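Notes to accompany the following structure.
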Amino acid sequence: MIVLGIETSCDETGIALYDGERGILAHRVYSQTEIHARYGGVVPELASRDHIRKVLPLIRQTVEAADLSLGDIDAVACTAGPGLVGALLVGVSVAHSLAFALGIPVLDVHHMEGHLLSPLLEPDPPAMPFLALLVSGGHTMLVDVAGIGAYRILGESLDDAAGEAFDKTAKMLGLGYPGGPAVERLAAQGRAGRFRFPRPMTNRPGLDFSFSGLKTHTANTLAAHENEPEARADVARAFVDAVVDTFVIKCTRALRATRHRTLVVSGGVSANRQLRDGLAAMAEKLGIAVRYPKLEFCTDNGAMIAYAGYCRLRSAAAGSLGYAVRARWPIDTLGPPAAAVSAAGD
Ligand code: KG4
Ligand code: ZN
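Residues in the sequence shown are numbered consecutively from -9, following my numbering.
Following this line, the structure appears as structure tokens:
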């Protein structure tokens, strides 16, 4: 069973072919960062137009790289939300049209379910149930995962997502867009403990997050040291340490509450070295395992969409040309695929 995955929810065009037996056969990601960098963030209309330019050539390249032809594909999966409506519509229209023309099923995939399941693409995949920490540019969530589609949100960000906080901090530090990797590099040169930023919402019960207050601390600290260029690295370090500590505190709390022995971490920020080091120390202390997607699948890609589509395949309506996209789409409303429901009931 071969599934073509199409991801166009934001500023990456991601295409992949997943085979049920052999895994990912080929994948391509085209990143639009150069287009958006001069504006300091993603410009939705430019994103949609560039997806239109890239999506078909990228599908062709991916199919060729896997040494296949379109007729070998058994189903198409596309990101239908959450994301930028114009950008989503590009991938969803292409996916539904292609599936209709080929007479094969098409699956509308939830972008965050794609991230959530991406660590399962690794050899020796983690078994459900587990706790998932989803940290992307648009979402920050702790999810109790009982099975495919059985997601209970334990906590989420009340304001900025973790990736958004990295991007805004990068802007203040003059590091450009996208900011996550640049903040990581600068923080690695900074001194720990020179500045101490608050660990938001950790001194009260609960698993929600808030990252917007860190902006004020970053801005104030930078303003107080504006004549000291070396302070920038120390500020980056203070910001990253606050974010990492916050995740360690909340994950520890959620692991104790759920008694899960595995934590799965995915989304763009899961690529962060300091976060991985912090969670590794936590895991050792608690005697639990932490699992990630491979680095290239931490940020947006088509592989996770092809895989999530594959997991839902048997419940799909074949060849449907009707479609819709969703800018907002709560992950805890998904429900299991029909086949998984009947398997659980047997
Ligand atoms: O998952 P993703 O590619 O897109 C969304 O679904 O939003 O995540 C992108 C986010 C951006 O905010 C980016 O700055 C952040 O992930 N990111 C990082 C790192 N790599 C990407 N943040 C911190 N450290 C990184 N190494
Ligand atoms: Zn994403």
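Virtual Cβ for every residue (Gly too), placed ideally from N, Cα, C.
Since we're looking at a predicted model, the values are computed, not measured.
Original post:
Per DSSP, what kind of secondary structure is His215 in: helix, strand or coil?
Top reply: Reduced to three states, the DSSP call for His215 is coil.
Subject >> Cβ-heavy atom distance, Asp290 to ligand 1, below 7 Å >> reply: yes
Original post:
Thinking C-alpha only, which one of Arg194, Ser108, Asp98 is nearest Arg243?
Top reply: Arg194
Original post:
Is the Cβ-Cβ distance between Ser(-1) and Asp290 less than 8 Å?
Top reply: In contact: Ser(-1) and Asp290 (Cβ atoms closer than 8 Å).
Original post:
Per DSSP, which one or two residues make a beta bridge with His100?
Top reply: Gly71
**OP:** Report whether the distance from the Cβ of His250 to the nearest heavy atom of ligand 2 is below 7 Å.
**Re:** Outside the cutoff, so no.
**OP:** Could you tell me the distance, in whole angstroms, from the CA atom of Gln51 to the CA atom of Gly4?
**Re:** Computed Cα separation, rounded: 12 Å.
**OP:** Could you check the C-alpha separation between Val259 and Phe201 for me, to the nearest Å?
**Re:** 14 Å
Original post:
Taking Cβ to Cβ, would you say Leu111 is nearer than 8 Å to Tyr300?
Top reply: no
Original post:
Where does Asn210 land, buried or exposed, given buried means 16+ other C-beta within 10 angstroms?
Top reply: exposed
Original post:
Cβ-heavy atom distance between Glu174 and ligand 1 below 7 Å?
Top reply: yes
Subject >> Buried or exposed (CB count within 10 angstroms, at least 16 for buried), Arg142 >> reply: exposed
Original post:
What residue does the alpha helix (DSSP H) around Glu274 start on, and which one ends it?
Top reply: Segment 263 to 276, the alpha helix (DSSP H) holding Glu274.
**OP:** Just the C-alpha distance for Ala270 and Val(-7), rounded to the nearest angstrom, thanks.
**Re:** Those two C-alpha atoms are separated by around 34 Å.
Subject >> Nearest-angstrom beta carbon gap, Val99 and Ala140 [assumed within contact, 8 Å] >> reply: With 8 Å as the limit, Ala140 and Val99 do not qualify as a contact, their Cβ atoms being about 16 Å apart.
**OP:** Output yes or no for whether 8 Å exceeds the beta carbon distance between Ala160 and His129.
**Re:** no
**OP:** Could you check which residue in Ala136, Val33, Leu74, Ala226 has the C-alpha nearest to that of Val315?
**Re:** Leu74
Original post:
What does DSSP give as the partner residues of His17 in its beta bridges?
Top reply: Answer is Ala6.
Subject >> Sheet register partners of Phe120 (DSSP bridge) >> reply: Val135
Subject >> Three-pair Cβ contact test at 8 Å for the stretch 280 to 289 versus the stretch 77 to 97 >> reply: no
Original post:
What separation, rounded to the nearest whole angstrom, lies between the Cα atoms of Pro188 and Asp235?
Top reply: 10 Å
Subject >> N- and C-terminal bounds of the alpha helix (DSSP H) containing Gly142 >> reply: The amino acid occupying residue 142 in the given sequence is Arg; Gly does not appear at that position. Careful: Arg142 lies outside any alpha helix (DSSP H), inside the beta strand (DSSP E) at 140 to 146.
Subject >> ligand 1 heavy atom lying under 7 Å from the CB of Ala261 >> reply: yes
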